[in-house]
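Peer 1:
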Ligand SMILES: Nc1nc2c(ncn2[C@@H]2O[C@H](COP(=O)(O)OP(=O)(O)OP(=O)(O)O)[C@@H](O)[C@H]2O)c(=O)[nH]1
Ligand SMILES: Nc1nc2c(ncn2[C@@H]2O[C@H](COP(=O)(O)OP(=O)(O)OP(=O)(O)O)[C@@H](O)[C@H]2O)c(=O)[nH]1
Ligand SMILES: [Mg+2]
Ligand SMILES: [Mg+2]
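Chains as they are written, first to last, in the working numbering: chain S, 342 to 618; chain E, 801 to 1092.
(1) In angstroms, rounded to a whole number, what distance separates the CA positions of residue 1060/E and residue 918/E?
(2) Using 8 angstroms as the cut-off, can you tell me whether the stretch 432-447 of chain S makes contact with the stretch 1048-1064 of chain E, which would need three or more C-beta pairs spanning the two stretches below that distance?
(3) Enumerate in chain order the residues of its own chain whose CB-to-CB distance from residue 552/S is below 7 angstroms, with the five nearest sequence positions on each side excluded.
(4) Any residues in the stretch 823-848 of chain E with a beta carbon nearer than 7 angstroms to a beta carbon of chain S? Which ones, in chain order?
(5) Are the stretch 898-915 of chain E and the stretch 980-999 of chain E touching, with three or more C-beta to C-beta distances below 8 angstroms?
(6) Does the distance between the C-beta of residue 931/E and the nearest non-hydrogen atom of ligand 2 fall short of 7 angstroms?
(7) Quick one, are the C-beta atoms of residue 922/E and residue 953/E less than 8 angstroms apart?
(8) Please report how far the alpha carbon of residue 477/S lies from the alpha carbon of residue 350/S, in whole angstroms.
(9) Figure out for me which residue from 925/E, 1036/E, 972/E has the closest Cα to the Cα of residue 932/E.
(10) Can you have a look at residue 427/S and say buried or exposed, based on whether 16 or more other CB atoms are within 10 angstroms of its CB?
(11) Do the CB positions of residue 757/E and residue 994/E come within less than 8 angstroms of each other?
(12) Go to residue 454/S, then tell me how far its beta strand (DSSP E) extends in each direction, as first and last residue.
(13) DSSP three-state call for residue 513/S: helix, strand or coil?
(14) Name all residues in chain order for which at least one heavy atom of ligand 3 lies closer than 5 angstroms to the residue's CB.
(15) Between residue 350/S and chain E, is the shortest Cβ-Cβ distance under 8 angstroms, so that the two count as touching?
(16) Verify the CB distance criterion: does residue 1056/E have a CB-CB separation below 8 angstroms to chain S?
(17) Which residue comes first and which comes last in the beta strand (DSSP E) that contains residue 505/S?
(18) By Cβ distance, which residues of its chain are closer than 8 angstroms to residue 502/S, with the 5 residues on each side in sequence left out?
(19) Report the rounded CA-to-CA distance for residue 367/S versus residue 361/S, giving the unit in angstroms.
(20) Given 7 angstroms as the limit, tell me if residue 569/S has its C-beta closer than that to any heavy atom belonging to ligand 2.
(21) In terms of residues, what are the limits of the alpha helix (DSSP H) holding residue 1081/E?
(22) Could you tell me which of 946/E, 1089/E, 887/E sits nearest to residue 462/S, measuring between CA atoms?
(23) Quick one: what's residue 567/S bridged to in DSSP?
(24) Less than 7 angstroms between the CB of residue 1031/E and some heavy atom of ligand 1, yes or no?
(25) Going along the chain, which residues of its own chain have a beta-carbon closer than 8 angstroms to the beta-carbon of residue 1026/E, five neighbours each way excluded?
(26) Could you check how far apart the C-beta atoms of residue 851/E and residue 826/E are, in whole angstroms? I think they sit under 8 angstroms.
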């Protein structure tokens, strides 16, 4: 009766602030809370103290997308293409991935596909050294597609298990640079029929609603296989991925929680959903 | 965009008379959604909408506008007022050299912006001195050196010195010796909640007493922009803001949050990766962009 209703609406107001502040987005949040009100009416939730847990489960469910099966083609090195906007953490994430693979005794080759930004090649080279990974680069200003082509030949010839390709940061709104990425993917597809095993979008957890636009454009251009959400060690909750996964069905594979080699964890939907609250 | 969304609402509000709570309620709701979608902070939007309602209610609807359009006009003006005045200035100290310290989160664009600022000042006849005080990120010092070389601007040689405070102190001494001005110091990206690294910045500040501490912030930053800016301002005192990656399609609401919470001016915007891509800040343009 009346008191419970007031209690409920206060709680929902608090939840609205909480979810929007976690970067879930206003329209998405209003939709989630509208569904919640329906569920409460249909007595799916009996006590207001169950509300938070109900929401956590619902969101965790949204985040659990069946992982696109990684095509297992044993004839070629597992090839990972890493993309994303400027400063999102691509190069550092590659270092972390290389470290993980090296701990599994896999032979890793890193390709310096960012031939544009100052000291980008050097930065990746240092990560290669730190992780005992092999390294392929051309000179500054070289055609990134040429570096990628070379690296695929080398990965095969040198019997590597994993090839990870770094690319230059770029804004999803820059048509020329998005075309450059498509060209890199085509070069990979020429060498391996089904293209790279993985195309990972690296996204900064501090990003707001623009993250959805980024994911859409990168997905449209390349057909992403996964997302890595970096800088979750900051205070941002990274809620934008809820919309991204809900709309694009691209799973979050890993999260970055620091600047060191070991600061990469496999994405856990329940933990992530709980942390939003 | 907002105008499209307000169209059907505005069509319903015919005629003149005063604006009242009733006829502006729907417009305010749409505007609230627009600001939140633009990444303006939740609490700041709340206060902003309340102020708009205060200003709007009771005001006479102007001859040429419908009540809805009137509300948008009030919002637009209030946004411009909040975002501050046009600017593109570094305040030079009467006692050279002027010391500028670039700070901010990881990947926000500090190193690139430091070089862009050096280029702008060099073009204006100054002799900027770039100081690479990021000793953590692989090849960070190299990065600034390459950019300095491109500009033909002097870059301090750290000579394997690993202490950022000592780097800054020695660089300032060298700048005075060589008559270089201003000194632009690039620091490592850091989280506002990293006590050790925030303390490092405080130590640098105590050591060299910078004239301008510039927070370099990414235009696509979400709701946490307020907490981030507040932490940096509380720890160090920010003198100005550089908003980077404005060449994308991020609405940039973080700028309003940062400006509201620190009260400090947005001095420049980054509009690309090239060293020329640093522009003056125009509040009216950002206001339109935030409204969408
Ligand atoms: N705190 C924190 N910092 C991170 C994380 N991942 C990357 N970084 C930092 O973010 C900054 C940018 O990382 P990069 O790897 O250079 O990013 P990028 O996407 O390759 O940048 P561009 O190539 O210039 O587009 C560096 O200072 C990294 O140390 C993370 O998970 N947590
Ligand atoms: N499109 C665009 N890219 C930018 C802008 N400013 C910087 N960048 C890019 O953003 C990325 C990160 O820039 P950096 O200058 O390395 O950022 P940082 O803050 O020094 O990074 P850390 O030192 O790791 O904290 C690079 O790829 C830059 O080229 C800008 O205004 N527009
Ligand atoms: Mg990189
Ligand atoms: Mg830097």
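By construction, the Cβ of each residue, glycine as well, lies at the ideal position given by its N, Cα and C atoms. These numbers were taken from a predicted model, which means no experiment stands behind them.
Peer 2: With the given structure in hand:
(1) Between residue 1060/E and residue 918/E, the C-alpha separation is close to 28 angstroms.
(2) no
(3) Result list for residue 552/S: 544, 581, 585, in chain order.
(4) Cβ contacts with chain S: 833, 836, 837, 839, 842.
(5) yes
(6) No, the beta carbon of residue 931/E sits no closer than 7 angstroms to any heavy atom of ligand 2.
(7) yes
(8) 59 angstroms
(9) 972/E
(10) buried
(11) For residue 757/E there is no data in the structure shown, the boundaries of chain E being 801 and 1092.
(12) 449-454
(13) Correct three-state label for residue 513/S: coil.
(14) 431/S, 432/S
(15) no
(16) no
(17) From DSSP, the beta strand (DSSP E) with residue 505/S extends over 503-508.
(18) 418, 419, 442, 447, 448, 449
(19) 6 angstroms
(20) no
(21) Counting along the chain, residue 1081/E falls outside any alpha helix (DSSP H), and DSSP gives it neither H nor E.
(22) 946/E
(23) Answer is 541/S, bridged to residue 567/S.
(24) no
(25) 841, 843, 844, 1057, 1058, 1060, 1061
(26) Residue 851/E to residue 826/E, Cβ: 18 angstroms. No contact.
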